[in-house]
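Asks: 250 is the number that the UniProt record's numbering gives to position 249 of the sequence shown; each next residue is one higher, with no gaps.
Yeah, the Cβ is synthetic: ideal placement off N, Cα and C, and Gly gets one too.
The structure is given below, and queries will be raised subsequently.
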Amino acid sequence: ETYTDTDQDQILQDNLEHTLFSWSKQAGLNPINAERAEGVYLWDRDGKRYLDFSSQLMNVNIGHGDQRVTEAVAAQMRELSYVYPGMITKARGDLGKKLADITAPNLTKAFFTLGGAEAIENAIKLARVYTGRHKIVTLYQSFHGASYGAISAGGDPRKFAVDSQAMPGVVHVENPYFYRCPWYSSTPEECAERAAAAMERIIQYENPGSVAAIILEGESGTSGCIKYPPTYWQRVRTICDTYGILLVADEVMSGFGRTGKWFGSDHHGVKVDLMCMAKGITAGYLPLGAVMVDEAIAKSFDDKPLPLGLTYSAHPVSCAAAVAVLSIYEEENLLENTVTLGHHLDARMCDLMAEHPSIGDWRNTGLFGCIELVKNRATKEPMAPWNAAPHQMEIMNKVAAKIKELGMYTFVRWNYIFVAPPLSITKDELDEGLDMISQALRIADEYVTQ
Ligand code: PLP
Numbered sequence: 002e003t004y005t006d007t008d009q010d011q012i013l014q015d016n017l018e019h020t021l022f023s024w025s026k027q028a029g030l031n032p033i034n035a036e037r038a039e040g041v042y043l044w045d046r047d048g049k050r051y052l053d054f055s056s057q058l059m060n061v062n063i064g065h066g067d068q069r070v071t072e073a074v075a076a077q078m079r080e081l082s083y084v085y086p087g088m089i090t091k092a093r094g095d096l097g098k099k100l101a102d103i104t105a106p107n108l109t110k111a112f113f114t115l116g117g118a119e120a121i122e123n124a125i126k127l128a129r130v131y132t133g134r135h136k137i138v139t140l141y142q143s144f145h146g147a148s149y150g151a152i153s154a155g156g157d158p159r160k161f162a163v164d165s166q167a168m169p170g171v172v173h174v175e176n177p178y179f180y181r182c183p184w185y186s187s188t189p190e191e192c193a194e195r196a197a198a199a200m201e202r203i204i205q206y207e208n209p210g211s212v213a214a215i216i217l218e219g220e221s222g223t224s225g226c227i228k229y230p231p232t233y234w235q236r237v238r239t240i241c242d243t244y245g246i247l248l249v250a251d252e253v254m255s256g257f258g259r260t261g262k263w264f265g266s267d268h269h270g271v272k273v274d275l276m277c278m279a280k281g282i283t284a285g286y287l288p289l290g291a292v293m294v295d296e297a298i299a300k301s302f303d304d305k306p307l308p309l310g311l312t313y314s315a316h317p318v319s320c321a322a323a324v325a326v327l328s329i330y331e332e333e334n335l336l337e338n339t340v341t342l343g344h345h346l347d348a349r350m351c352d353l354m355a356e357h358p359s360i361g362d363w364r365n366t367g368l369f370g371c372i373e374l375v376k377n378r379a380t381k382e383p384m385a386p387w388n389a390a391p392h393q394m395e396i397m398n399k400v401a402a403k404i405k406e407l408g409m410y411t412f413v414r415w416n417y418i419f420v421a422p423p424l425s426i427t428k429d430e431l432d433e434g435l436d437m438i439s440q441a442l443r444i445a446d447e448y449v450t451q
């Protein structure tokens with residue numbers, strides 16, 4: 002379809018005048034006017050091409066425009082678009098079975114939601130009902146969604162705007178953030194041990210008998226890819242076993258191949274009781290989320306009603322999209338590609354670290370990576386601080402503007418640049434993106450003080 006300049010202006014005007022944009026001041030916005038997308042690229046209405054280096058919001062894992070998904074969705078809609086969640090459909094059963102196959106054997110049943118935040122809400126509800134306890138322990142540097150319960154559960158400063166009305170009962174603890182370890186640890190293992198010990202002390206002070214669940218992102222995402230040091234998950238599992246607390250993995254961002262395994266927590270060999278998922282489950286083609294539930298927890302509702310429900314739970318069209326997307330992960334060997342390219346990415350980033358003094362730390366697992374920019378490697382002074390105010394974002398904004406100008410869309414937040422392209426990316430496309438980031442980093446390098 003071709004559009005005249007007048008059409009273009011109208012699209013822009015209708016969007017800006019009649020719709021609200023997430024997390025932003027509404028005046029002065031200059032969003033990309035997206036027209037079409039294919040593979041790892043998307044085009045705006047002026048024909049400018051962007052390499053999508055964050056899979057939009059780390060969800061378009063199979064790449065854009067895969068017509069196999071379109072066909073599956075259209076076929077489902079032609080046959081049956083919607084029935085209420087009390088009915089059985091083939092797509093729902095196929096998806097439930099597939100999710101039970103790719104998660105640990107104890108996770109046997111799925112409760113379907115529309116997205117990540119709702120998965121978290123329902124996991125919190127289940128954990129509270131099942132344990133008869135109310136407190137939820139999470140990490141300060143975490144994000145679990147924007148609905149009331151989910152934003153209260155996360156520690157991300159986006160919750161400050163609604164802090165006075167937060168869901169009660171959440172206890173936050175510090176992350177095992179080795180690069181900036183709050184306990185000045187000299188090894189990742191030491192940081193893990195001290196972080197877990199601190200968590201356990203806080204749980205003791207809080208009354209262990211009141212704690213329903215500990216929620217951890219399967220692997221940290223929006224807070225800056227703060228990788229869990231080895232042994233941390235095992236220690237948290239032990240704390241859960243000691244006090245009868247449920248362990249909930251939030252795999253909304255880290256799931257579905259992003260780290261080279263189906264789920265981020267798979268890297269730690271630890272059993273979880275509930276697993277929240279969304280995003281990559283449909284790779285963004287349609288909205289869907291799920292909570293995978295441990296067999297014993299699911300069975301406890303054999304003889305009493307499950308206190309959960311949503312009009313669009315197990316929406317047949319979303320389920321059909323997910324079934325198609327999950328088979329694409331396998332047909333295209335996307336997990337294997339992620340492992341291979343994750344190593345290549347890490348090697349290239351080590352070269353870039355030698356070239357760019359503004360890179361303080363680089364962390365990735367598979368194609369889930371963050372570049373952490375600093376003004377000074379010795380002091381680790383960040384290029385922009387946690388919860389940076391607009392005036393503290395000047396340098397990072399220049400870097401982000403350069404990235405956009407060069408033809409890349411990616412997620413830049415505080416002093417982090419995210420590298421999380423579709424898992425279908427090729428080595429050449431990945432290199433093309435890293436070259437763009439390298440060019441943009443020259444701007445940051447100029448602000449480094451030795
Ligand atoms: N959990 C994690 C780890 C996330 O990264 C996000 C979103 O970025 C959510 C939950 C919320 O998901 P949604 O935006 O689909 O509600």
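Roughly how many whole angstroms lie between the Cα atoms of PHE161 and SER153?
Replies: In the sequence shown, residue 161 corresponds to position 160, counting from 1. In the sequence shown, residue 153 corresponds to position 152, counting from 1. Approximately 9 Å, taken between the alpha carbons.
Asks: Taking the alpha carbon of ILE89 as the reference point, which residue from TYR141, ALA315 and GLU190 has its own alpha carbon closest?
Replies: Taking the first residue of the sequence shown as 1, we reach residue 89 at position 88. Checking every option, the nearest Cα to that of ILE89 belongs to ALA315.
Asks: Can you give me the start and stop residues for the beta strand (DSSP E) that ARG364 sits inside?
Replies: Numbered from its first residue, the sequence shown carries residue 364 at position 363. Residues 360-366.
Asks: Per DSSP, what are the beta-bridge partners of ARG349 in this structure?
Replies: Position 348 of the sequence shown, counted from the start, is the residue given in the question as residue 349. ARG349 pairs with nothing; no bridge assigned.
Asks: For the ligand PLP, any of its heavy atoms closer than 7 Å to the Cβ of GLY170?
Replies: Taking the sequence shown and counting its residues from 1, the one referred to as residue 170 is at position 169. For the ligand PLP, not one heavy atom lies less than 7 Å from the Cβ of GLY170.
Asks: Taking the beta carbon of SER25 as the centre, do at least 16 other beta carbons fall within 10 Å, making it buried, or is it exposed?
Replies: Along the sequence shown, read from residue 1 onward, the residue named residue 25 stands at position 24. The residue in question, SER25, is exposed, as its Cβ has fewer than 16 Cβ neighbours within 10 Å.
Asks: Counting only the same chain and skipping the five closest in sequence on each side, list residues whose C-beta sits under 7 Å from that of ALA279.
Replies: On the sequence shown, residue 279 is found 278 positions in, with the first residue counted as 1. Cβ within range, chain order: GLY116, GLY117, ALA120, VAL253, LEU289 and GLY290.
Asks: Compute the minimum distance between the beta carbon of GLY245 and the heavy atoms of the ligand PLP, and state whether it is under 7 Å.
Replies: For the purposes of this step, residue 245 is taken as the residue at position 244 of the sequence shown. For GLY245, the shortest C-beta to heavy atom distance toward the ligand PLP is 7 Å or greater.
Asks: Residues in its own chain within less than 6 Å of TYR178 by CB, not counting five upstream and five downstream?
Replies: Taking the first residue of the sequence shown as 1, we reach residue 178 at position 177. Once the five neighbours on either side are set aside, the close Cβ partners of TYR178 are ILE227.
Asks: Does the beta carbon of GLY367 fall short of 7 Å from some heavy atom of the ligand PLP?
Replies: Reading the sequence shown from its first residue, position 366 is the one you call residue 367. GLY367 Cβ: outside cutoff for every heavy atom of the ligand PLP.
Asks: Under three-state DSSP, which class holds PHE369?
Replies: What you label residue 369 is simply residue 368 of the sequence shown in a count that begins at 1. Note: PHE369 maps to strand in three-state DSSP.
Asks: Expressed to the nearest angstrom, what Euclidean distance is found between the alpha-carbon atoms of TRP234 and SER266?
Replies: Residue mapping note: residue 234 aligns to position 233 of the sequence shown, counting from 1. Residue mapping note: residue 266 aligns to position 265 of the sequence shown, counting from 1. Taking the straight line joining both Cα atoms gives about 8 Å.
Asks: Helix, strand or coil: which one does DSSP assign to THR341?
Replies: Counted from its first residue, the sequence shown places residue 341 at position 340. Helix, per DSSP.
Asks: When you compare only the Cα positions, how much space is there between GLU220 and ALA124?
Replies: To locate residue 220, count along the sequence shown from 1; it is residue 219. To locate residue 124, count along the sequence shown from 1; it is residue 123. Looking at the two C-alpha atoms, the distance is approximately 18 Å.
Asks: Do VAL174 and ILE203 count as a contact pair if the criterion is CB distance below 8 Å?
Replies: Your numbering for residue 203 matches position 202 in the sequence shown. Your numbering for residue 174 matches position 173 in the sequence shown. Yes; because the gap between Cβ atoms is below 8 Å, this pair is in contact.
Asks: Could you check which residue in VAL61, LEU13, ALA76 and GLN77 has the C-alpha nearest to that of ASP47?
Replies: As a working note, residue 47 is residue 46 in the sequence shown. For ASP47, the nearest C-alpha among the options comes from LEU13.
Asks: Check this for me: beta carbons of ASN62 and LEU442, under 8 Å apart or not?
Replies: Indexing the sequence shown from 1 puts residue 62 at position 61. Indexing the sequence shown from 1 puts residue 442 at position 441. Taking 8 Å as the Cβ cut-off, ASN62 and LEU442 do not qualify as a contacting pair.
Asks: Do GLY225 and GLY373 count as a contact pair if the criterion is CB distance below 8 Å?
Replies: Indexing the sequence shown from 1 puts residue 373 at position 372. Indexing the sequence shown from 1 puts residue 225 at position 224. In the sequence as presented, Gly is not what sits at residue 373; that position holds Glu. For the 8 Å CB-CB criterion, GLU373 and GLY225 form a contact.
Asks: Is there contact here, the stretch 429-445 with the stretch 389-402, by at least three beta-carbon pairs under 8 Å?
Replies: Three or more Cβ pairs closer than 8 Å define a contact, and the stretch 429-445 meets that threshold against the stretch 389-402.
Asks: Taking C-beta to C-beta, are SER211 and HIS135 nearer than 8 Å?
Replies: Here residue 211 corresponds to residue number 210 of the sequence shown, with the count starting at 1. Here residue 135 corresponds to residue number 134 of the sequence shown, with the count starting at 1. Against a cut-off of 8 Å, the Cβ pair of HIS135 and SER211 comes out as a contact.
Asks: Tell me whether the beta-carbon of THR223 lies closer than 8 Å to the beta-carbon of ASP157.
Replies: In the sequence shown, the residue the question calls residue 223 occupies position 222. In the sequence shown, the residue the question calls residue 157 occupies position 156. Their beta carbons are under 8 Å apart, which means THR223 touches ASP157 by this criterion.
Asks: For a quick check, are the C-beta atoms of THR366 and GLY261 less than 8 Å apart?
Replies: Taking the first residue of the sequence shown as 1, we reach residue 366 at position 365. Taking the first residue of the sequence shown as 1, we reach residue 261 at position 260. Yes; because the gap between Cβ atoms is below 8 Å, this pair is in contact.
Asks: Give the C-beta separation of VAL74 and ALA321 to the nearest angstrom, bearing in mind that I take them to be a contact with Cβ-Cβ under 8 Å.
Replies: The count along the sequence shown starts at 1 and reaches residue 74 at position 73. The count along the sequence shown starts at 1 and reaches residue 321 at position 320. Contact holds; Cβ gap of about 6 Å.
Asks: Grouping DSSP H, G and I as helix and E and B as strand, with all else coil, what is MET384?
Replies: Taking the first residue of the sequence shown as 1, we reach residue 384 at position 383. Coil, per DSSP.
Asks: Have a look at PHE264, ALA355, GLN57 and ASN208 and flag the residue whose alpha-carbon is nearest the alpha-carbon of GLY245.
Replies: Here residue 245 refers to the residue found at position 244 of the sequence shown. Looking at the Cα atoms, ASN208 is the closest of the given residues.
Asks: Could you pull the start and end residues of the beta strand (DSSP E) that VAL292 belongs to?
Replies: What you label residue 292 is simply residue 291 of the sequence shown in a count that begins at 1. Segment 290-295, the beta strand (DSSP E) holding VAL292.
Asks: I'd like to know whether the C-beta atoms of VAL142 and ASN176 end up nearer to each other than 8 Å.
Replies: Position 141 of the sequence shown, counting from 1, holds the residue named residue 142. Position 175 of the sequence shown, counting from 1, holds the residue named residue 176. Checking the sequence, you will find Gln at residue 142 rather than Val. Cβ distance < 8 Å, so GLN142 and ASN176 count as in contact.
Asks: Please name the residue, chosen from TRP363, ASN60, CYS182 and PHE113, that lies closest to PRO86 on a Cα-to-Cα basis.
Replies: Translated into positions along the sequence shown, residue 86 becomes position 85. Per the Cα distances, PHE113.
Asks: If you draw a straight line from the alpha carbon of MET394 to that of GLY133, how long is it in whole angstroms?
Replies: Taking the sequence shown and counting its residues from 1, the one referred to as residue 394 is at position 393. Taking the sequence shown and counting its residues from 1, the one referred to as residue 133 is at position 132. GLY133 has its alpha-carbon roughly 44 Å from the corresponding atom of MET394.
Asks: Following a CB-centred definition, is MET278 positioned closer than 7 Å to any heavy atom of the ligand PLP?
Replies: If you number the sequence shown from 1, residue 278 lands on position 277. Checking every heavy atom of the ligand PLP against the Cβ of MET278, none is found closer than 7 Å.
Asks: In the DSSP output, which residue or residues are listed as bridge partners for GLU218?
Replies: Within the sequence shown, numbered from 1, the residue matching residue 218 stands at position 217. Answer is ASP251, bridged to GLU218.
Asks: Rounded to a whole number of angstroms, what is the C-alpha to C-alpha distance between LEU81 and GLY310?
Replies: Residue mapping note: residue 81 aligns to position 80 of the sequence shown, counting from 1. Residue mapping note: residue 310 aligns to position 309 of the sequence shown, counting from 1. C-alpha separation (whole angstroms): 21 Å.
Asks: Taking buried to mean at least 16 other C-beta atoms within 10 Å of its own C-beta, is ASN416 buried or exposed?
Replies: As a working mapping, residue 416 is identified with position 415 in the sequence shown. Classification of ASN416: buried, given that the 10 Å Cβ count is 16 or more.
Asks: If we require 4 or more residues per run, which alpha helix (DSSP H) segments fall completely within the stretch 36-112?
Replies: 56-59, 68-80 and 91-103
Asks: Can you find a heavy atom of the ligand PLP that lies under 7 Å from the Cβ of HIS392?
Replies: Residue mapping note: residue 392 aligns to position 391 of the sequence shown, counting from 1. Checking the Cβ of HIS392 against the ligand PLP gives no.
Asks: Within the same chain, show all residues whose beta-carbon is closer than 7 Å to that of ASN60, passing over the 5 residues directly before and after it, in chain order.
Replies: Walking along the sequence shown from the start, residue 60 turns up at place 59. If we look at ASN60 and ignore the five residues flanking it on each side, its Cβ neighbours are LYS280, GLY281, ALA284 and GLY285.
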